[in-house]
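*Asks:*
2 protein chains.
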Amino acid sequence: MLDDRKLAVLRAIVEDYVSTNEPVGSKALAERHNLKVSPATVRNDMAALEEEGYITQPHTSAGRVPTDKGYRLFVDRLSQVKPLSAAERRAIETFLAGAVDLDDVVTRTVRLLAQLTRQVAVVQYPTLTRSTVRHVELVPLNDRRVMLVLITNTGRVEQRVIELPEVVEDTRIAHLRAVLNACLDGCGLSNVPELVADLPERLPLEDRPVVATILSVLLETLVERHDEKIVFAGAANLAGADFSTGLRDVLEALEEQVVLMRLLGETSTDTPSALTVRIGSENPYLRGTSIVATGYGSGDNQLARLGVLGPTRMDYPVTMGAVRAVARYVSQILAAS
Amino acid sequence: MLDDRKLAVLRAIVEDYVSTNEPVGSKALAERHNLKVSPATVRNDMAALEEEGYITQPHTSAGRVPTDKGYRLFVDRLSQVKPLSAAERRAIETFLAGAVDLDDVVTRTVRLLAQLTRQVAVVQYPTLTRSTVRHVELVPLNDRRVMLVLITNTGRVEQRVIELPEVVEDTRIAHLRAVLNACLDGCGLSNVPELVADLPERLPLEDRPVVATILSVLLETLVERHDEKIVFAGAANLAGADFSTGLRDVLEALEEQVVLMRLLGETSTDTPSALTVRIGSENPYLRGTSIVATGYGSGDNQLARLGVLGPTRMDYPVTMGAVRAVARYVSQILAAS
DNA sequence: CTTGGCACTCGGGAACACCGAGTGCTAGTC
DNA sequence: GACTAGCACTCGGTGTTCCCGAGTGCCAAG
């Protein structure tokens, strides 16, 4: 049904439309890409492609525009991820290398990605539950309050102020800290609940209320941060583009963590580092936008996801290349620290 | 020059224009506000107001629109801050009360303010330099690395991984931690540099290289975070409004920390908690927008600023009321924790 | 000083014609 | 059988014209 030339025509249509943002006609197509056939032939092919639903015309007597299905075919079979230039790679490297802590890594990453793709970049903070405990700290603030600080192997720090049920002197706090660390150091965060389950019972009776209070806050911290923070950058890049769904909806989605999370998508369990591309109506919300995302993190320990959001009419090969490259570099940085 | 009725006319023009977004004519004015004079009289007053530069007409045969100067007069003399409704106050209170840490307070605040005003809200993180040290923690990660965690009285936590120049066993780290805390606990952050200046000299010779490394990172942390993080929310509210300067510019400014900082403005040293209103061309960048901002923080210890950014044509009394109320509640929350 | 009246201005919308890119179809050509 | 050239047709976009009416400034009367 779709011979090679028809596919070539589709590819040409996508490429032209992406670069010009105007419906592309048979004549322009025939001459700009050396298809070696006449416009009339191209027209026939276009009619076939339209029949199959890969392209459509906004109105009679206008050129053709790819449909979501057309983009899908293009991404799956007609294009290949475009690697970044050496200069771009160097830029990424130096930009990310300057990061001082996890927060900084994430901030720099999201900005970098936005600038590189000229789209909106979205980065999810590394997931706590897949991290391991590097240290638990209890800092006495006064005799009824301590601050709980949880440090993970990804450099993330969570803190909570805890109101104690009774006055506790510092030496007891220090002891509890040692107990907690002995119990949790190096363990995966997801294992924490079971590890601390019988902790109160193993301690002297008088310590139990205090420990119970601390543990409840600790567990709460783990649970609350389970659905992770997401940040975005590059909203200014939306100003030019036109979204079928309206700019407002896009901006609203960007500020809604939950929606953004859904858009980034779950890591497919088998190949988490593969690029996910969701085109237009394939998206749960925001039917008018496309998303290119991937997991990132050190080794096979996928931590979170990052990606780019833009109009359906985007340069997929370039965007995919940028997302993939940035994900790799960030993973590298995180592994090193 | 400007008698009471002319001022009343100006006030009416501002109010009508803000609510309708259309140039307001003499006839509509005369009937909607009971000015008890005829349209012709109003026209004379309008001519005078235009002469003085308080209003202008987009083109001949159109109604009048306030100028920046007109808004300024309105804000300064013709309006009063509109207090929030009881329901709104309750909403603020309950919404902010649920915050678990400083990050959460800031995030909730910015969202709340955006929702309340239907504009873009901007909140600066509490300034480190005005805070005091509550605790310094050194956490051994391995024998060549420690994590420095700095906890302030505002609940803020800064962390840095430090590469040590030599292998240091945990007991020495613990000792250094005690020394640092003895030296810094409770001190203002701005005093830290001088306080630690002679610290290496007071320690045994063999500790000095390690201490020097740690201190350099500590000082670096203080300096780097001096110009503070700023977050915004409510960008979706920009979608409806039309900015003379273009939506793109506004979005770009929002993502540029430095610009945003300038827009929020420095705390005027005398009355930091006063509302600052910058209208249109009074702004350093973004001439087409207005900003309502104020300092917040506990007591006379002003910590940072928050505010709202919107089109020049905004409802100043309501916006000012919201900004003031939110600032007060946040200050209260911060003082309590 | 205020007011009613009046001539004037000009932006914006409706109606209209025109252009041209692009199409589908058909007949001819390799 | 596939490709191509030619041609009639469609229709969105643009430019033109025209008209309306909101709004103004000015003037003379109250």
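So the sequence lines, in the order shown, correspond to chains F and U.
Sequence positions in the first sequence follow my numbering and run 1 to 337.
Sequence positions in the second sequence follow my numbering and run 1 to 337.
Every residue, glycine too, gets a C-beta built ideally from N, C-alpha and C.
Quick caveat: nothing in here was measured; it's all calculated off a predicted structure.
My guess is that F:M314 and F:L275 are in contact by the Cβ rule of under 8 Å, so how many angstroms apart are they, rounded?
*Replies:* Residue numbering aside, residue 314 of chain F sits at position 314 when the first sequence is read from its first letter. Residue numbering aside, residue 275 of chain F sits at position 275 when the first sequence is read from its first letter. Contact flag wrong, Cβ pair sits at about 14 Å.
*Asks:* Going along chain U, which residues have a C-beta under 8 Å from F:Q159?
*Replies:* Within the first sequence, numbered from 1, the residue matching residue 159 of chain F stands at position 159. Correct list: D101, I151, G155 and V157.
*Asks:* The beta strand (DSSP E) with F:F232 in it runs from where to where?
*Replies:* Residue numbering aside, residue 232 of chain F sits at position 232 when the first sequence is read from its first letter. Start and end: I230 to A233.
*Asks:* Could you tell me if U:Q124 is buried or exposed, where buried requires 16 or more neighbouring beta carbons within 10 angstroms of its beta carbon?
*Replies:* Here residue 124 of chain U refers to the residue found at position 124 of the second sequence. The residue in question, U:Q124, is buried, as its Cβ has 16 or more Cβ neighbours within 10 Å.
*Asks:* Which residues in chain F have a C-beta closer than 9 Å to the C-beta of U:E252? List them in chain order.
*Replies:* In the second sequence, counting from the first residue as 1, residue 252 of chain U sits at position 252. Within chain F, the residues near U:E252 are A235, A236 and A239.
*Asks:* Three-state secondary structure (DSSP) at U:Y296?
*Replies:* The sequence position of residue 296 of chain U within the second sequence is 296, counting from 1. If DSSP states are grouped into helix, strand and coil, U:Y296 belongs with the strands.
*Asks:* What residues in the segment 130-142 of chain U bring their beta carbon closer than 7 Å to a beta carbon of chain F?
*Replies:* Cβ contacts with chain F: R134, H135, E137, V139 and L141.
*Asks:* Tell me whether the segment 73-92 of chain U and the segment 37-49 of chain U touch, counting them as touching only if at least three CB pairs, one residue from each stretch, are closer than 8 Å.
*Replies:* Taking 8 Å as the limit for Cβ pairs, the verdict is that the segment 37-49 of chain U does not touch the segment 73-92 of chain U.
*Asks:* Using the Cα positions of U:V75 and U:A325, report the straight-line distance between them to the nearest angstrom.
*Replies:* Locating residue 75 of chain U in the second sequence gives position 75, where the first residue counts as 1. Locating residue 325 of chain U in the second sequence gives position 325, where the first residue counts as 1. Cα to Cα, U:V75 sits roughly 18 Å from U:A325.
*Asks:* Taking U:I230 and U:Q257 to be in contact with their CB atoms under 8 Å, please state how far apart those CB atoms are, rounded to whole angstroms.
*Replies:* As a first step, residue 230 of chain U is located in the second sequence; it is residue number 230 there, counting from the start. As a first step, residue 257 of chain U is located in the second sequence; it is residue number 257 there, counting from the start. Yes, they are in contact, since the Cβ atoms of U:I230 and U:Q257 sit about 6 Å apart, within 8 Å.
*Asks:* Return the CA-CA distance between U:V330 and U:A336, expressed in angstroms with no decimal places.
*Replies:* Numbered from its first residue, the second sequence carries residue 330 of chain U at position 330. Numbered from its first residue, the second sequence carries residue 336 of chain U at position 336. Each residue's Cα considered, the two are about 10 Å apart.
*Asks:* Quick one: give me the first and last residue of the alpha helix (DSSP H) that U:L29 is part of.
*Replies:* By 1-based counting over the second sequence, the position of residue 29 of chain U is 29. Run containing U:L29: S26 to R32, per the alpha helix (DSSP H) assignment.
*Asks:* What is the DSSP secondary structure of U:K290, counted as helix, strand or coil?
*Replies:* Start at 1 with the first residue of the second sequence, and residue 290 of chain U comes out as number 290. Residue identity differs from the one stated: residue 290 of chain U is Ser in this sequence, not Lys. The answer is strand: DSSP assigns U:S290 an E or B state.
*Asks:* Under 7 Å between beta-carbons, which chain U residues line up against F:M314? List them in chain order, please.
*Replies:* Numbered from its first residue, the first sequence carries residue 314 of chain F at position 314. What F:M314 touches in chain U: nothing, since even the nearest Cβ is about 18 Å away.
*Asks:* Tell me, please, whether the CB atom of U:R248 is closer than 8 Å to any CB atom in chain F?
*Replies:* Counted from its first residue, the second sequence places residue 248 of chain U at position 248. Closer than 8 Å: yes.
*Asks:* Reducing DSSP to helix, strand and coil, say where U:H175 ends up.
*Replies:* Here residue 175 of chain U refers to the residue found at position 175 of the second sequence. The answer is helix: DSSP assigns U:H175 an H, G or I state.
*Asks:* Ignore the nearest five residues each way along the sequence and tell me which others in U:V81's own chain have a CB closer than 8 Å to its CB.
*Replies:* Position 81 of the second sequence holds residue 81 of chain U. Hits under 8 Å: L275, P317, M320, G321 and R324.
*Asks:* When DSSP labels each residue in this structure, what does U:N181 get in the three-state scheme?
*Replies:* For the purposes of this step, residue 181 of chain U is taken as residue 181 along the second sequence, with counting starting at 1. Helix.
*Asks:* If we count the other Cβ atoms within 10 Å of its Cβ and call it buried at 16 or more, is U:M46 buried or exposed?
*Replies:* Stepping through the second sequence from its first residue, residue 46 of chain U is reached at position 46. It is buried - the Cβ of U:M46 has at least 16 other Cβ atoms within 10 Å.
*Asks:* Between U:E93 and chain F, is any beta-carbon pair separated by less than 8 Å?
*Replies:* Numbered from 1 along the second sequence, position 93 holds the residue referred to as residue 93 of chain U. With 8 Å as the cut-off, U:E93 does not count as an interface residue toward chain F.
*Asks:* In terms of residue numbering, what span does the alpha helix (DSSP H) encompassing U:G98 cover?
*Replies:* The residue labelled residue 98 of chain U in the question sits at position 98 within the second sequence. Careful: U:G98 lies outside any alpha helix (DSSP H) and carries neither H nor E.
*Asks:* Residues in its own chain within less than 6 Å of U:V168 by CB, not counting five upstream and five downstream?
*Replies:* Translated into positions along the second sequence, residue 168 of chain U becomes position 168. Hits under 6 Å: V210.
*Asks:* So, for F:D170: in the same chain, excluding its five sequence neighbours on each side, which residues have a beta-carbon less than 8 Å away from its beta-carbon?
*Replies:* Start at 1 with the first residue of the first sequence, and residue 170 of chain F comes out as number 170. Cβ within range, chain order: P140.
*Asks:* Mind checking who F:L150 pairs with in its DSSP beta bridge?
*Replies:* In the first sequence, the residue the question calls residue 150 of chain F occupies position 150. Paired residues: F:V136 and F:E158.
*Asks:* Measure the C-alpha to C-alpha separation of U:D207 and U:P200 and round it to an integer number of angstroms.
*Replies:* Here residue 207 of chain U is taken as the residue at index 207 of the second sequence, counted from 1. Here residue 200 of chain U is taken as the residue at index 200 of the second sequence, counted from 1. Approximately 8 Å between the Cα atoms of the pair.
*Asks:* Less than 8 Å between the C-beta atoms of U:Y285 and U:V259, yes or no?
*Replies:* Here residue 285 of chain U refers to the residue found at position 285 when the second sequence is read from its first residue. Here residue 259 of chain U refers to the residue found at position 259 when the second sequence is read from its first residue. For U:Y285 and U:V259, yes; Cβs fall inside 8 Å.
*Asks:* Would you mind stating whether U:R145 and U:E163 have Cβ atoms separated by less than 8 Å?
*Replies:* Taking the second sequence and counting its residues from 1, the one referred to as residue 145 of chain U is at position 145. Taking the second sequence and counting its residues from 1, the one referred to as residue 163 of chain U is at position 163. In this structure, U:E163 lies closer than 8 Å to U:R145 by Cβ.
*Asks:* Cβ atoms of U:Y71 and U:I333: under 8 Å apart, would you say?
*Replies:* Locating residue 333 of chain U in the second sequence gives position 333, counting from the first residue. Locating residue 71 of chain U in the second sequence gives position 71, counting from the first residue. No. Outside cutoff.
*Asks:* Might you give, ordered along the chain, the residues of its own chain that have their beta carbon closer than 6 Å to the beta carbon of U:L113, omitting 5 neighbours on each side?
*Replies:* Here the question's residue 113 of chain U lines up with position 113 in the second sequence. Cβ neighbours of U:L113 beyond the five flanking positions: A121 and V326.
*Asks:* Output needed for F:V292: all residues of its chain with C-beta closer than 6 Å, excluding positions within five of it in sequence on either side, in chain order.
*Replies:* The residue you call residue 292 of chain F lines up with position 292 of the first sequence. Counting only Cβ-Cβ distances below 6 Å, and skipping sequence neighbours, we find V277, G307, V308, T319, M320 and V323.
*Asks:* Under 7 Å: does the beta carbon of F:R90 sit that close to some heavy atom of the ligand GDP?
*Replies:* Looking at this structure, you won't find the ligand GDP or any other ligand, since it has none at all.
*Asks:* Note the first and the last residue of the continuous beta strand (DSSP E) segment covering F:A304.
*Replies:* As a first step, residue 304 of chain F must be located in the first sequence, where it is residue number 304. Here the beta strand (DSSP E) through F:A304 covers A304 to P311.
*Asks:* Who are the neighbours of F:M147 on chain U, taking C-beta pairs under 9 Å?
*Replies:* Mapped onto the first sequence, residue 147 of chain F falls at position 147. Simply R134, H135, I151, G155 and V157.
*Asks:* Along chain U, which residues have their Cβ under 9 Å away from the Cβ of F:E163?
*Replies:* What you label residue 163 of chain F is simply residue 163 of the first sequence in a count that begins at 1. Neighbours of F:E163 on chain U: none; closest Cβ ~11 Å, over 9 Å.
*Asks:* Excluding the 5 residues flanking F:V217 on each side, which residues of the same chain have their C-beta closer than 7 Å to its C-beta?
*Replies:* Position 217 of the first sequence, counting from 1, holds the residue named residue 217 of chain F. Excluding positions up to five away in sequence, the list reads L148, R160 and I162.
*Asks:* Any C-beta of chain F sitting closer than 8 Å to the C-beta of U:E169?
*Replies:* The count along the second sequence starts at 1 and reaches residue 169 of chain U at position 169. So no, U:E169 is outside the interface.
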